[in-house]
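Novice: Same order as they appear, the protein sequences are chains A and B.
In this text, residue positions in the first sequence follow this note's numbering: the first is 1, and each later residue adds one.
In this text, residue positions in the second sequence follow this note's numbering: the first is 116, and each later residue adds one.
The C-beta atom is built at its ideal place from N, Cα and C for all residues, glycine as well.
All values derive from a computational prediction rather than experimental measurement.
Below you will find the structure I want to go over with you.
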Amino acid sequence: NAGVMQNPRHLVRRRGQEARLRCSPMKGHSHVYWYRQLPEEGLKFMVYLQKENIIDESGMPKERFSAEFPKEGPSILRIQQVVRGDSAAYFCASSPRAGKDAEAFFGQGTRLTVV
Amino acid sequence: SQELEQSPQSLIVQEGKNLTINCTSSKTLYGLYWYKQKYGEGLIFLMMLQKGGEEKSHEKITAKLDEKKQQSSLHITASQPSHAGIYLCGADRERNQGGKLIFGQGTELSVKP
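The following block contains the structure:
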């Protein structure tokens with residue numbers, strides 16, 4: 001059973017370009033969570049999605065950032081018009097269900113560098 | 116201040132020594148997760164604790180949850196270089212949102228051979 005797969009592992013974008021980060025959850029997992037890790041801030045929750053629905057986007061910036069988890073295919077975190085401050089490691093986690101006994105497994109992350 | 120405080124922030128131990136990392140929450144916990152992260156890599160799931168007094172072990176790592184104190188500890192027995200890395204505790208604040216976690220700042224562990 002493959003773990004959570006994220007790609008690309010590394011992404012370099014120029015300021016103003018778009019970044020697309022992909023996350024395939026573990027088999028059988030329908031709940032996906034995106035996190036951002038900045039060196040001085042630690043790991044912060046961004047958005048929680050279940051198939052075709054955004055459940056909680058309270059941690060995601062209101063502008064330029066969007067996320068989706070379509071019926072088929074991976075979850076996508078999209079950052080439009082990237083700025084230097086978007087440089088960070090972006091992690092995706094998946095779990096088989098909601099609820100307090102749900103184990104959450106993380107992918108290897110995508111390291112975004114904005115130049 | 117952080118909602119989830121880890122101590123110490125960093126730790127250097129001699130191989131073979133025991134060590135403990137603490138994670139204290141300022142708010143109610145519905146679940147407490149421990150992960151390990153190597154620099155530049157993802158988070159490896161170690162353990163999840165839900166109930167007060169619960170204790171889990173995996174190989175030489177033991178974690179306990181003291182729900183009343185809103186605190187968890189991670190204990191490593193006879194540390195090895197392979198234990199080196201950053202240990203992160205994550206807290207589930209909302210009963211029905213499983214993987215939505217608040218994380219501590221991490222404890223960086225170095226093990227000297």
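Going by other Cβ atoms of all chains shown within 10 Å of its Cβ, with 16 needed for buried, is TYR202 of chain B buried or exposed?
Specialist: Result: buried.
Novice: Using a Cβ distance threshold of 8 angstroms, determine whether the stretch 124 to 135 of chain B contacts the stretch 144 to 163 of chain B, with at least three qualifying pairs required.
Specialist: With a cut-off of 8 angstroms, the stretch 144 to 163 of chain B and the stretch 124 to 135 of chain B do not count as touching, because too few Cβ pairs lie within range.
Novice: With contact counted as at least three CB pairs below 8 angstroms, one residue from each stretch, are the stretch 74 to 86 of chain A and the stretch 174 to 184 of chain B in contact?
Specialist: Short answer: they don't touch.
Novice: If the cut-off is 8 angstroms on Cβ atoms, which residues from the stretch 162 to 191 of chain B count as contacting chain A, listed in chain order?
Specialist: Within the stretch 162 to 191 of chain B, the qualifying residues are MET163, GLN165.
Novice: Which chain B residues sit within Cβ distance under 7 angstroms of GLU103 of chain A?
Specialist: Under the 7 angstroms cutoff, chain B gives PHE160, MET163.
Novice: Does the Cβ-Cβ distance between GLY200 of chain B and LYS171 of chain B come in under 8 angstroms?
Specialist: No. Outside cutoff.
Novice: Buried or exposed: where does GLY205 of chain B fall if 16 or more other Cβ atoms within 10 Å of its Cβ makes it buried?
Specialist: That one is buried.
Novice: Find the residues of chain E that neighbour PHE65 of chain A, judging by a C-beta separation of less than 9 angstroms, and give them in chain order.
Specialist: Absent from the structure: chain E. Protein chains present are A and B.
Novice: What does LEU43 of chain A touch in chain B if you count any residue whose Cβ is under 7 angstroms from its own?
Specialist: Chain B residues near LEU43 of chain A: LEU203, PHE218.
Novice: Only counting the same chain, and skipping five residues up and downstream in sequence, which positions put a Cβ closer than 8 angstroms to that of ALA102 of chain A?
Specialist: HIS31, SER95, PRO96.
Novice: Between which two residues does the beta strand (DSSP E) holding GLU120 of chain B run?
Specialist: GLU120 of chain B -> beta strand (DSSP E) spans 119 to 122.
Novice: For PHE69 of chain A, would you say it is in contact with chain B, using Cβ-to-Cβ distances shorter than 8 angstroms as the test?
Specialist: It does not: the Cβ of PHE69 of chain A has no partner Cβ on chain B nearer than 8 angstroms.
Novice: DSSP beta-bridge partners for GLU223 of chain B?
Specialist: GLU223 of chain B pairs with B:SER125, B:ILE201.
Novice: Taking 8 angstroms as the CB-CB limit, is GLY107 of chain A close to chain B?
Specialist: Yes, GLY107 of chain A lies at the interface with chain B (some Cβ there is under 8 angstroms from its Cβ).
Novice: Would you grab the beta carbon distance between LEU189 of chain B and ILE136 of chain B for me? Rounded to a whole angstrom, and I think it's under 8 angstroms.
Specialist: 5 angstroms between Cβ atoms; contact.
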